[in-house]
Each structure stands twice: as structure tokens, then as C-alpha cells.
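Encoded as C-alpha cells, the structure appears first; notes follow it.
Numbering (this note's numbering), first residue to last: 81 to 698.
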């Protein structure tokens, strides 16, 4: 692996594991944390645009803050410099470092297996919506929800990827030369996206509805020869209920899908949570929301509860009927005239001519009304097309950085722009002042566009996480991801922890402190000081070493006749007291043993017996 290309002095690039319209995904390895990663290298033509690079840095940073089980984690991002061999020019290629998901994309799964059962499709979309609910709560709109951006793990995990990247590309599209596939995928565009209007969280829900449609039927809701043709259908044509394409789709899933794909964003699902709740209800056999039933009834007049959306759906149906009979674009002089006496009559026309005057008069009235209705529809359609083609009034976005909210709002108001506020922590900009803005100053936008400003809330603060027991590098990474950048390390001897393991922090774990405050990590050295063992009883000496995760060994037993030295006393140690050694090292000792004493038994001298001779006289 050492011969592989290295990004950022840290990430080794392996083989290509996926390709997309805007990037290649490589297997990679993080040499600092010793873990596998996935590395997405964006197209070099994107990197040539300074606007995109600026957006990319900002959006990648925002997306990196998303921490959810249904979102592919972004670990890092940056730009790689390489020399173009043909031009000799240095090229900057943006990259994203992500977690590795063992599985395949939802697109690959659909290609391999075809449409899914309603329950399976619903469960996948439930997890996608859980991810969207979380990202929307953080103020991040995905903008490119589609099967290719959803990963299916081998264990059943569903993970959404590419948060923030689609926004970076879309916001820079006006100044970049790129294909349609880069800006967005036509099959999943919301009507407001197709019309170039500002998008919000509800645009993601429309795209999710398109994806659910495809999971249920095996095809996208709208099909056309060009991206423009498909986009036009998103704006002006109602989607068919999925069950009309695949009869096995339950009515509840028809209702949910159609409600998610309502053209008017005010009338579709207003949050990912609402959408998800209906899917859970359908899976559990409970009724879905009245709003969903209303949308379904607009497409299927036979269903109940449809009063909320019948009007808009009916209008769309009329459009479809007129378009089918009289394609838009046929010149008026080519249209047949009903009152042309010289025109040949059809069989029905001859029958009408032979009918009594009253019936003919009624027929003329009906024909007149039908013609007027058709003209009204054509008029409305023409006005809609003209309105779409009309160039809206545009203004330049002012420079707002370092201004207060009130100052910025007043300035935007003079240019007929609106403002949305996102509070962000910042250690260098005073609280209440604008740190960044989106779009950038001098960008030309339509009147009424929302300008997002990032307002400093000060350095911010957070609780020190539970990093005790972690490796030092892992603990440092976790703290930096939270926003703590002032970190120190104090190496201490602690036999209870392996080398480089975090023992504790100063301030203690759980303390809520500003991000600018320093945190000192107390890290185990992996070494310990040898204690004084001489003159200790061998049992006590062995216990002292064991408590320090050191080993005890008797190198020699020394006989002694000194009555003041007890047997088993440590006489010496091969490693002097106070010496630092690796945990697990062995200390050899010499202990005293008693000399066996020799006892001399002295027998008393034998006692002499004097013989006395008794003389008897008689």
C-alpha cells in the first residue's frame, strides 16, 4: 500500500469501487487512524470553478456535522493537487472521505432485482425519511434524493449519502459549463427545481416520492427523450397511481406516493416526519392521513376524502386530455373549423345534420361550450408557458458579512430579498455578527430569493465526551470534530491502562466548556516505576509488583546465618527502585534462606563404681 497515491498526506487511494456523473469513488485507507474509508474524487472540470470550490468547502463542512445512523458519515474533505500531463498545469481536485458501507446502492439493487413489495419499499423509504428529518432539522436540504444516493448495507442498514454536495453544485451552476446530469437528475426533480425556483425541505420529499414510485413499479413516474421533456412533465403533468402500472401496489401506497408528488409544495407533505408516519401506518394496516387520501382521490375520483386536492388534479387531467387530442404547437390555421360548410362531414357529423333543429341547437351549444373551454385551457397553458419563459427581475446580493441581523435584513429588504438566519458558533467573530452568507455578494438572483446568513453565536460550548479508554489519536479526532481545537497531552504512568490510552481529562469528562478552552488529555505512558523491594517479605514484594502489572521472579536463594534476617526476605533486586520499565516487565530478586544449624550432643562421662570387698570374720 505504500506505493499508492496519498491524499492530504494521510489517505491512500485504492481501486475504483463506483462511478457517477460527477465523481469516482475509490477504496481508501486512513493511515493516521488505521481504518478503511471510501474516497470520492469529484470531476476535475468542477474544480476549475472557484465558485464551486468555495461552495464545496462550505457544504462539505456542514455535511460533516451530520451524525445519524441513516446518513453516510463524512470524515474529511479537501483538495488534491496533481499535474496534468498534457497541459503541465496544476489541477485541484476536490475529494470527500466517507465511511465505508458494505453493500450496494439502491440503484444497483433495483437493476438487479426489479421492483419491490410495498412493505419492503416502504421500510427503505422510512429510513431515508428519518435521515431527511434529521438533516432538515439542521437546516440542510439534500437536493438530489435518488436511488443512486442511497446505500443498502448487507445487514439491512439504509444510508443516504452526498448531503450538501448537490447544493454546492447547484449553487454554482450558473457560472459553470456542465451537463444536465451534474446539476440534478431530471427523473427526480421537484417542480420548483425544474422551474429554477428556490428549494426547501419539501423538494426533498417530492424527490423521495419519485423514488418510492420507482421502488413500487420498477420505473420512474415520468419518462421522456430529454431531460427538458421530463422536467416539463414534473411541472405540468400528474403522475399516475403506481397501481395502474403494477396492480399489486396497495391503495394506501398509491395515496402516499401521489401525496408526496403533489405539484404545489404547500399541498404535499410538509415534513419528512409526516411522510414517514403515513408509511408506518400503511405498513401496520392503519389508515393513512386524510391529506394523502385526498391526493389519491384527485387522481382516482372513486376514492373518498378527496375534496382537498380535486381541483388541481382535475385541471391537470384536462391538460392531459387536451394535449393528447390537440398537441400544443399546432398552428391555428391547421386546426379544422367546425362551422366550415365545405368541409366533409364525418358519420357523426352527418347524423347531427339530420337531427331535428332543437337537438342540433343543443349540440351547437355544447360544441360552443367545449370550444370555449378548450380555448380557456389553451389560454391558461399559453400564459403559463409565457410566464415560465419570461425572464424574472434580478438583483445583486449585497455584502452582509460583519453586519448585524437587523442591518442585513434592512439592506436585503431594499432589494426585495428575504433573509433566513442560521446560528453558528465562531471563536473569532463577535456574537450577533454575520459570519458568512449564501449566495455570495454580487451574485445575481431573482427578486424574492431567500438569502441565508450565518450569524455568530460566539465560540459555543459543549460537554466533554467520554473519551476515557480511547486511543489518544481517536480521542483527539473526536474532540476536534465536536469543535474543541485547543488540546494538550499529559503523559502519566498508569499500569491500569495500555500505552497511549486516555486515562482522564482536565477539565473532567462531562464538563460543559467553551470550544476555545483547553482540554488536557491524561494519557498512559505504558511504563511504571519499579518499587523498593529490599527488606520486604517475598509475599509482600510479589503483591507490590503484581499491583503494578509487573512480574516477580526469584533469581537466587541466599543462605544466611544472620539471625536478624528472616527467611524469605528480599536481599536485592536486579532493577533499582524508581526505574521506569514497560508494563509487564519482570523483576528478579534474591531472597534469604536460613542456614541449617548443626547440633552437637555431648554425652556425660561414665560414672566409676568402686568394688568393695566385704571381709567377714567369724
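C-beta atoms are modelled at their ideal positions from N, C-alpha and C, and glycine is treated no differently.
Since the model is a prediction, treat every value here as computed from it, not as a measurement.
Excluding residues up to 5 positions away in sequence, 624, 649, 650 lie with their Cβ nearer than 8 Å to the Cβ of residue 616 in the same chain.
With distances taken between CA atoms, residue 87 lies nearest to 107 out of 107, 98, 99.
Taking 7 Å as the cut-off, the Cβ atoms of residue 544 and residue 514 do not count as close.
Restricting attention to 585, 177, 155, 294, the CA atom closest to the CA of residue 193 is found in 294.
Inter-segment contact for the region 288-304 and the region 322-329 is present: three or more beta-carbon pairs are separated by less than 8 Å. In the structure shown, residue 322 falls within a helical segment according to DSSP collapsed to helix, strand and coil. Taking C-beta separations shorter than 6 Å and ignoring five residues to either side along the sequence, the partners of residue 551 in its chain run 580, following chain order. By the CB criterion at 7 Å, residue 534 and residue 498 fall outside the cutoff.
By the neighbour-count definition (other C-beta atoms within 10 Å, threshold 16), residue 235 is an exposed residue. Straight across, the Cα-Cα distance linking residue 645 with residue 675 is about 11 Å.
Here the alpha carbons of residue 205 and residue 151 stand approximately 13 Å from one another. Boundaries for residue 222: no alpha helix (DSSP H) harbours it, and the DSSP string shows neither H nor E there.
Per the Cβ contact rule, the region 592-608 is in contact with the region 561-571 (3 or more Cβ pairs under 8 Å). Secondary structure at residue 160: strand, using DSSP grouped into helix, strand and coil.
Note that the C-beta distance between residue 512 and residue 557 is not below 7 Å. In terms of Cβ geometry, residue 518 and residue 532 form a close pair [threshold 7 Å]. Between the alpha carbons of residue 634 and residue 667 lies a distance of about 9 Å. Counting along the chain, residue 488 sits inside the alpha helix (DSSP H) bounded by residues 485-494. In chain order, 116, 117, 118 place their CB closer than 7 Å to the CB of residue 180, counting only its own chain and leaving out the 5 sequence neighbours on each side.
In the same chain as residue 185, and ignoring 5 residues on each side of it, the C-beta atoms closer than 8 Å to its own belong to 98, 227, 228, 229, 230, 231, 232, in chain order. According to DSSP, residue 500 shares a beta bridge with 532. Along the region 277-352, the alpha helix (DSSP H) occurs as fully enclosed runs of 4 or more residues at 281-297, 307-316, 331-340, listed in sequence order.
By the neighbour-count definition (other C-beta atoms within 10 Å, threshold 16), residue 509 is a buried residue.
Inter-residue distance for residue 522 and residue 478 is about 6 Å (C-alpha atoms, whole angstroms). Residue 344 and residue 303 have their C-alpha atoms some 21 Å from each other. Classified as exposed, residue 619 has fewer than 16 neighbouring CB atoms from the shown chains inside 10 Å of its CB. Around the Cβ of residue 120, a 10 Å sphere holds 16 or more other Cβ atoms; the residue is buried. Counting only runs that start and end inside the region 547-589, the beta strand (DSSP E) elements of at least 3 residues fall at 567-572, 582-586. In the structure shown, residue 375 falls within a helical segment according to DSSP collapsed to helix, strand and coil. The DSSP assignment places no complete alpha helix (DSSP H) segment of no fewer than 4 residues inside the region 645-672.
For residue 207, the three-state secondary structure derived from DSSP is helix.
Taken through DSSP and simplified to helix, strand or coil, residue 189 comes out as helix. DSSP places residue 92 in the strand class (E or B) of the three-state scheme. In the assembly as shown, residue 191 is an exposed residue. Its beta-carbon has fewer than 16 other beta-carbons within 10 Å.
In this structure, residue 269 lies away from residue 215, with their beta-carbon atoms at least 7 Å apart. Residue pairing by DSSP places residue 674 opposite 640 in a beta bridge.
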